[in-house]
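Heads up: the structure comes next, in structure tokens.
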Amino acid sequence: MSAPDIRSGGFAWPPVVTVYSHDQAREAAAAALRHGTGLTLLSADSAADAVGVGWMATLGRLIREEFPTLTVYTILDCGAAGGRAMAALRAEIDAIVFTGGEKSTLALADQADDLGKGLLPDRPESLDFLTLPDDPERCNIAISEWFELTT
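Numbering (numbering that gives the first Met the number 0), first residue to last: 0 to 150.
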């Protein structure tokens with residue numbers, strides 16, 4: 000079986016969850032397994048500048064190691080940071096969000112295409128861990144509802 004072509008605009012990402020920590024990514028991965036679906040980990044808005052490319056690449060690798068039967072994709076939001084976006088395309092990251100200028104976008108699109116990576120003009124709809132209730136039970140319900148809604 001060949002890998003899906005994430006470069007195409009028609010690729011259907013598994014449920015997308017915005018995470019800010021390894022623990023949140025683990026929680027999302029466990030929920031994905033319970034719901035029998037894959038998972039897409041999305042960084043915070045413009046996170047490439049704040050946490051760097053390596054953080055998201057490492058997070059994806061760790062979750063794939065901890066949940067070997069789970070299909071996990073990673074998307075790093077690079078904002079308008081062209082240099083970070085180029086570095087992210089070369090890292091173990093499946094796709095980037097880039098909101099920079101047209102010239103930079105065209106150059107990144109060529110690079111993404113050559114590397115088989117996704118280049119997104121906008122953040123995909125996601126469940127954002129910052130918006131979840133503090134109560135663990137209500138938090139788990141919200142996560143389950145998101146996975147049911149998006150699978």
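Glycine included, every Cβ here is placed at the ideal spot set by N, Cα and C.
Is the number of C-beta pairs between the segment 20-35 and the segment 88-106 that are closer than 8 Å three or more? The segment 20-35 makes no contact with the segment 88-106: fewer than 3 CB pairs, one atom from each, lie closer than 8 Å.
Whose CA, out of D76, L131, D112, lies closest to the CA of E26? Walking along the sequence shown from the start, residue 26 turns up at place 27. Residue L131 is the option with its Cα nearest to E26.
Measuring only between beta-carbons, confirm whether D48 sits less than 8 Å from chain B. No chain B appears in this structure, which consists of one protein chain only.
Please return the same chain residues whose Cβ sits closer than 7 Å to the Cβ of F66, not counting the five positions on each side in sequence. Locating residue 66 in the sequence shown gives position 67, counting from the first residue. Beyond the five residues adjoining it in sequence on each side, F66 comes within less than 7 Å, by CB distance, of A28, L32 in the same chain, given in chain order.
Within 8 Å, strictly: CB atoms of R63 and V52: Position 64 of the sequence shown, counted from the start, is the residue given in the question as residue 63. Position 53 of the sequence shown, counted from the start, is the residue given in the question as residue 52. Cβ atoms of R63 and V52: not closer than 8 Å.
Give the C-beta separation of R122 and D44 to the nearest angstrom, bearing in mind that I take them to be a contact with Cβ-Cβ under 8 Å. Locating residue 122 in the sequence shown gives position 123, counting from the first residue. Locating residue 44 in the sequence shown gives position 45, counting from the first residue. Confirmed, about 7 Å.
Take the Cβ of T68 as the centre, count every other Cβ of all protein chains shown within 10 Å, and call the residue buried at 16 or more, exposed below. Here the question's residue 68 lines up with position 69 in the sequence shown. Per the 10 Å Cβ criterion, exposed.
From V15, S20, G82, residue whose alpha carbon lies closest to that of M55: In the sequence shown, the residue the question calls residue 55 occupies position 56. Looking at the Cα atoms, S20 is the closest of the given residues.
Cutoff 6 Å; reference N139; Cβ partners in own chain excluding five residues on either side: Numbered from 1 along the sequence shown, position 140 holds the residue referred to as residue 139. If we look at N139 and ignore the five residues flanking it on each side, it has no Cβ neighbours.
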